[in-house]
């Protein structure tokens, strides 16, 4: 299967009790500068990053590659300065005025047919509000990818196969927990980088690194620990997914 889709790595920071945000779902800014540097390196090594609408709504932005050394490494590899930043959302109910749409990145939208129609309707509404010359100010997606199941959910497997045809060989997933759960259920994750930060958030409504229905022990995805690094008070864990052939 890996030959027909990107190599997919999840990169998340979480509290010691496994939460990726507090019970208010505030932006998770509890990671250190070391963790942010680590995240930027993972993004710089990718062809695209994928994140859910909830993650985008919480931050209003995406993390760009700003380290000159990393930008130069991408150039040496024949890559553009920034990977593509892909928002995955069934509804495409996005705020067109957030800062994300002003950042110097290639934005792609992965959605359903109703989602694509809703987004285009929002652009038309915004265009009529702005008046003449609005085209230069409109938030835009370089590509709108529509893949859906018969129940009008996003067909993630078909979408990842299409990404592979668009020269996306390495994909980094930045959350949230619902997206990670969906990818795990379909066995579409190859590696995980988890940063354990020294705090406890608690709260039964606080999102975890893997939400969704959950897995029973006998059917739970199994991991192989590849690396462990401790930097000051944070622990960086690198896993790969084990598969039956392993």
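In our numbering, the protein residues as written are 8 to 253.
All C-beta atoms in this analysis are idealised placements derived from N, C-alpha and C, irrespective of residue type, glycine included.
I'd like to confirm the pairing. Which residues does DSSP put opposite residue i in its beta bridges?
{"i": "residue 246", "result": "199, 232"}
{"i": "residue 31", "result": "Residue 31 pairs with nothing; no bridge assigned."}
{"i": "residue 55", "result": "91, 178"}
{"i": "residue 116", "result": "94, 151"}
DSSP three-state label for residue i, please.
{"i": "residue 89", "result": "coil"}
{"i": "residue 20", "result": "strand"}
{"i": "residue 215", "result": "strand"}
{"i": "residue 60", "result": "helix"}
{"i": "residue 220", "result": "coil"}
{"i": "residue 109", "result": "helix"}
{"i": "residue 70", "result": "coil"}
{"i": "residue 238", "result": "strand"}
{"i": "residue 206", "result": "coil"}
{"i": "residue 101", "result": "coil"}
{"i": "residue 8", "result": "With a pLDDT of 47 at residue 8, under the threshold of 50, the modelled position of that residue is not reliable, and the figure given next carries that caveat. Note: residue 8 maps to coil in three-state DSSP."}
{"i": "residue 252", "result": "coil"}
Under DSSP, the alpha helix (DSSP H) around residue i begins and ends at which residues?
{"i": "residue 40", "result": "40-51"}
{"i": "residue 76", "result": "75-83"}
If we cut at 8 Å on Cβ distances, does residue i have a partner in chain D?
{"i": "residue 205", "result": "Protein chain content of the structure displayed is limited to a single chain, and chain D is not contained in it."}
Going by the C-beta, is residue i closer than 7 Å to any heavy atom of the ligand MN?
{"i": "residue 244", "result": "Of ligands this structure carries none, so the ligand MN is not represented either."}
Under 8 Å by Cβ, that's how I've got residue i and residue j pegged, so tell me the actual separation to the nearest angstrom.
{"i": "residue 13", "j": "residue 167", "result": "6 Å"}
{"i": "residue 69", "j": "residue 110", "result": "6 Å"}
{"i": "residue 81", "j": "residue 103", "result": "With a Cβ gap of about 28 Å, residue 81 and residue 103 do not count as contacting."}
{"i": "residue 208", "j": "residue 24", "result": "6 Å"}
{"i": "residue 205", "j": "residue 241", "result": "7 Å"}
{"i": "residue 255", "j": "residue 219", "result": "Absent from the model: residue 255. The displayed extent of the chain is 8 to 253, so no value can be given."}
{"i": "residue 251", "j": "residue 191", "result": "With a Cβ gap of about 15 Å, residue 251 and residue 191 do not count as contacting."}
{"i": "residue 60", "j": "residue 202", "result": "No, residue 60 and residue 202 are not in contact; Cβ-Cβ is about 23 Å, not under 8 Å."}
Alpha helix (DSSP H) runs wholly inside the region 120-201, at least 4 long, in chain order: Annotation note: the region 120-201 contains the following uninterrupted alpha helix (DSSP H) runs of length 4 or greater, listed N- to C-terminal: 120-137, 163-172, 184-192.
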